[in-house]
Amino acid sequence: MTTSPRWRVGMDTGGTFTDLVALSDQGQLLLRKVSSTPRRPSDAVFAALERTGLDLTRDLDDFVLGTTIATNAVIMRRGAPVILLTTAGFEDVLYIQRIDRPGRYDLQWVKAEPYASRRNTVGVEERVLADGTVRLALADEEVDRVIETVGGLLAEHEGAAIAVSLLNSYLNPDHERALAAKLRAAFPQVAVSLSAEVAPVWREYERTATTAMDAYVSPIVQRFAHTLATGLNERAMSGWHALMKSNGGQVPLEHSADRPIELVLSGLAGGMMGGGYWARAVGSEKAVTLDMGGTSADVGVVVDGQLQYTGLFEVEWGVPIAVPIIDVSTIGAGGSSLAYVGNDGLLHVGPASAGADPGPVCYGRGGTQPTVTDANLVMGRLHPDHFLGGELTLDAERAGTAVAELADSLELGVDAAAEAVLTLAVENMAGAVRLVTVDRGHDYREFDLVAFGGAGPLHAAAIARHMRMRRVIVPPTPGLVSAFGTIISDQRVDRRMTAVRRLDTPEATDLAGILARLAREAHAELAAQRRADATGDIVVTTYVSCRYVGQNYEQEIRTYRGHLDRSYESLLPASPDDPDLDRRLVEMFHASHARVYGYDLPEQAVQSVYVGATALLAGGEVRFVPYTRTTRNPRISTRRVQVGEGVWADTVVVDREELQPGYTLNGPAIVEEPNSTTFVPPGYRMEVDGTYCLIIEAVKGLGENLDTGADA
């Protein structure tokens, strides 16, 4: 008697496409890609699920979704009106912002608008001092006045949310909690965000901006979670239902609206998790992950086999999110990025995008401005009949006309204009690579480039060549790596708080106790969310962010990793119950500073700033064969392709689904599959790794005698 397979389904809703990957416990693989439905994101989710042909009521063990619902609300400024409550006298914190600017001498730069307007900001008469003591208590009469004022503002702004960020509440949250209790009782249908819960950290602007953004996306996330849960229940969908968080972990769907700020980078996190998985699979200890889809390109970094995290992310210049998050840089460079001549007379590519609707000109859905995809089609790198496995036929004639109009504006030939579009897109993505490497103290020349997304493999070799990176790694089914990343992700809870201590003074002796408490809290929260069928232990990691006294930014020092629900199994030299923790932290920080910056200051005092704990419940292992049509003698065809610098050449074209591990191919070559296309330029060699990844490396002397024939 054969047992029916059980399936794990991961999905990613991008700006252009919604992707689905389903893996069975018997090694089977299902892939689906449908057009996104930006106005109703859940429609595309349900459409992809129905196209699997699975019995949703019986066959599923897991359903995990990475969503851009909060991301799009923030970027496109389509969130809820926010009423901000803050300490009287500090109402302008969000609007003063910081003194830094992206260009020192740019007199035309305008600060980004905060996510709460000044007229909707209410000062509260109360005051907590910098040591957590109360100077001015929050009186009942003041609470009543604030409730009345907020009621008037809610009447003016339908669907508004409330953000509460009182001065120094990260040290003493009593006033915030008392105010929130009254607000929730008076306005039970209104979302209320507290800084003491959302971002209990110092730096008043960052904490307030994060809390305002949490409130800004809260109603949208709540509606989406409700719509999604309703749809899944109507379909009686079996198994575990979860969303991806910005930290790369899963959160149960029913808890997803508890802290909506944690979903702002949900859609990006799956790609980073998938990219990190494939970097480790091929043994790459240092890698940059590049997820280039239809709308944007997301770049992360893997060091020592691990993705990197940060406690501060900027949605746009000067608009921060102060929560633990995967360290990722996002730019408007995707297949649908628009190419145009700006008012300065220069060519621009992105960040404006044609998105999924109308999409690139070649989609034939009404787009008129050329995009990166149109340029690739004009250069022959995309086959008009093989896009999305033939589901969408591309109109090469329309793309050529649009690129020709751009070429006329630039006073270039069509070939040169198309190449210029790709060159600029590559330079934009190279800039993002620099952000996550050089700006973090890494030399990108020591790194591999893991390229995925529908458009990433088309441009990866050009980026690697431009940056002189080691090699390119293209995972199996690259267009669906983000969806795959949601399946393999862990359950994860992060706790973080401010603890400013000089480590050479007695005030630092309480750090061990604080870390132990945070570890217990993170463990307890994850234990409460733990899926019923999960096996294994919850693993807790603690860290302390330190800096030299006088520095403005800090470095994270990992202090402990082990099983809290067993006994401490310390894998690092410092743990929360170590009586000599402060001295060990100093030693570890000096070593970390020297590794990142090339020097340390052993005579300089070291200061802790943040402390945190992460609780992890590992996802299950996956086993699958990505391609089932492999053959020793794959079919080979050729077509004319513009391979660079205006040169057209007869280029080998192969079907990736036919390639077995060990297969090699010299560029120029095109590797096609239903969800992506890989371009191997002249001078590069491609080999299929044992994991079915494509490994692309430059080979000295290869391609020097390229027979280009006559230009097309």
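This note's numbering numbers the first residue of the sequence shown as 1 and each following residue consecutively. Where a beta carbon is used, it is the ideal one built from N, C-alpha and C, also for glycine.
Exercise for the section: Indicate the three-state DSSP secondary structure (helix, strand or coil) for Tyr568 in the structure shown. Expected result: With a pLDDT of only 38 at Tyr568, under the threshold of 50, the placement of this residue in the model should not be trusted; the figure read from the coordinates follows. Tyr568: coil per DSSP, three-state reduction.
Practice task
Taking all protein chains shown into account, decide if Pro573 is buried (16 or more other Cβ within 10 angstroms of its Cβ) or exposed.
Solution key: Confidence in Pro573 is poor, its pLDDT being 47 and thus under 50, which makes the residue's placement too unreliable to answer from.
Exercise for the section: Mark Trp7 as exposed unless 16 or more other C-beta atoms lie within 10 angstroms of its C-beta, in which case mark it buried. Expected result: buried
Handout entry: Closest Cα partner of Arg719 within the set His255, Leu307 and Val654
Key = There is simply no residue 719 to check, as the chain begins at 1 and stops at 712 in what is shown.
Exercise for the section: Mark His459 as exposed unless 16 or more other C-beta atoms lie within 10 angstroms of its C-beta, in which case mark it buried. Expected result: buried
Exercise for the section: Could you tell me whether the region 539-547 touches the region 629-649, using the rule of 3 or more Cβ pairs below 8 Å? Expected result: no
Practice task
Would you identify the three-state DSSP class for Gln26, choosing helix, strand or coil?
Solution key: coil
Problem - Status (buried if at least 16 other CB within 10 Å, exposed otherwise) for Arg398 - result: Buried, because 16 or more other Cβ atoms sit within 10 Å of the Cβ of Arg398.
Practice task
Verify whether the separation of the beta carbon atoms of Leu388 and Pro674 is less than 8 Å.
Solution key: yes
Handout entry: Local Cβ density within 10 Å of Lys700, reported as buried at 16 or more and exposed below that
Key = exposed
Practice task
With DSSP as the reference, please indicate the residues paired to Glu556 in a beta bridge.
Solution key: Under DSSP, Glu556 shares a beta bridge with Ser545.
Exercise for the section: Can you tell me which of the three DSSP states Tyr663 falls into? Expected result: coil
Problem - Option nearest Asn72 by Cα separation, candidates Ala163, Glu156, His241 and Ile261 - result: Ile261
Exercise for the section: Classify Leu56 as helix, strand or coil using the three-state DSSP reduction. Expected result: coil
Exercise for the section: Helix, strand or coil for Pro573, going by three-state DSSP, please let me know. Expected result: In this prediction, Pro573 scores a pLDDT of 47, lower than 50, which makes its location untrustworthy; the coordinate-derived value is nonetheless stated afterwards. Here DSSP, grouped into helix, strand and coil, assigns Pro573 to coil.
Problem - Cα-Cα separation, Asp304 to Glu285 - result: 5 Å
Practice task
Between the Cα of Ile83 and those of Pro457, Ala215, Val201 and Met273, spot the shortest distance and give me the residue it belongs to.
Solution key: Ala215
Practice task
Use the C-beta contact count for Gly151: other C-beta atoms within 10 angstroms, 16 or more gives buried, fewer gives exposed.
Solution key: exposed
Exercise for the section: May I ask you to list the residues that DSSP assigns as paired with Ala180? Expected result: According to DSSP, Ala180 bridges with nothing at all.
Practice task
Could you name the residues of the same chain whose beta carbon sits closer than 8 Å to that of Ile147, not counting the 5 residues immediately before and after it, in chain order?
Solution key: Lys182, Leu183 and Ala186
Exercise for the section: State the CB to CB distance for the pair Asp12 and Ala432, rounded to an integer number of angstroms; the pair is presumed to be in contact (CB under 8 Å). Expected result: Not confirmed; about 19 Å, so no contact.
Handout entry: Secondary structure of Met237, DSSP reduced to three states
Key = coil
Handout entry: Contacts around Asp59, its chain only, beta-carbon distance under 6 Å, and the 5 residues preceding and following it disregarded
Key = Trp7
Problem - Reduced DSSP secondary structure (H/G/I, E/B, other) of Gly709 - result: Caution is warranted here: a pLDDT of 45 is assigned to Gly709, below 50, making its placement in the model unreliable, and no coordinate value can be reported.
Problem - Segment contact flag, the region 128-135 with the region 329-345, C-beta cutoff 8 Å, min 3 pairs - result: no
Exercise for the section: Leaving out five residues on either side along the sequence, give the residues of the same chain with a beta carbon under 6 Å from the beta carbon of Thr614. Expected result: Asp494 and Thr541
Problem - Option nearest Ala44 by Cα separation, candidates Leu347, Leu20, Thr423 and Asp55 - result: Residue nearest to Ala44 within the set Leu347, Leu20, Thr423 and Asp55 is Leu20 (criterion: CA-CA distance).
Practice task
Keeping to the same chain, check which residues put their C-beta closer than 6 Å to that of Pro252; ignore five residues upstream and five downstream.
Solution key: Ala242 and Gln529
Practice task
Under 8 Å Cβ to Cβ from Ala591, same chain only, skipping five residues before and after it: list those, please.
Solution key: Asp600
Practice task
Look at the alpha carbon of Gln607 and the alpha carbon of Pro114, and state the distance between them as a whole number of angstroms.
Solution key: 31 Å
Practice task
Mind reading off the beta-carbon distance from Val190 to Ala160? Whole number of angstroms is fine, and I expect it under 8 Å.
Solution key: 7 Å
Exercise for the section: Mark Lys111 as exposed unless 16 or more other C-beta atoms lie within 10 angstroms of its C-beta, in which case mark it buried. Expected result: exposed
Exercise for the section: Using three-state DSSP, classify Pro320 as helix, strand or coil. Expected result: strand
Exercise for the section: Assess, as a yes-or-no matter, whether the region 22-40 is touched by the region 461-469 under the definition of 3 or more beta carbon pairs within less than 8 Å. Expected result: Because the criterion of three Cβ pairs below 8 Å is not met, the region 461-469 and the region 22-40 do not touch.
Exercise for the section: Could you name the residues that DSSP lists as bridge partners for Gly612? Expected result: Arg496 and Tyr543
Problem - Residue environment, Leu480, which counts as buried when at least 16 other CB atoms sit within 10 Å - result: When all chains shown are included, Leu480 counts as buried.
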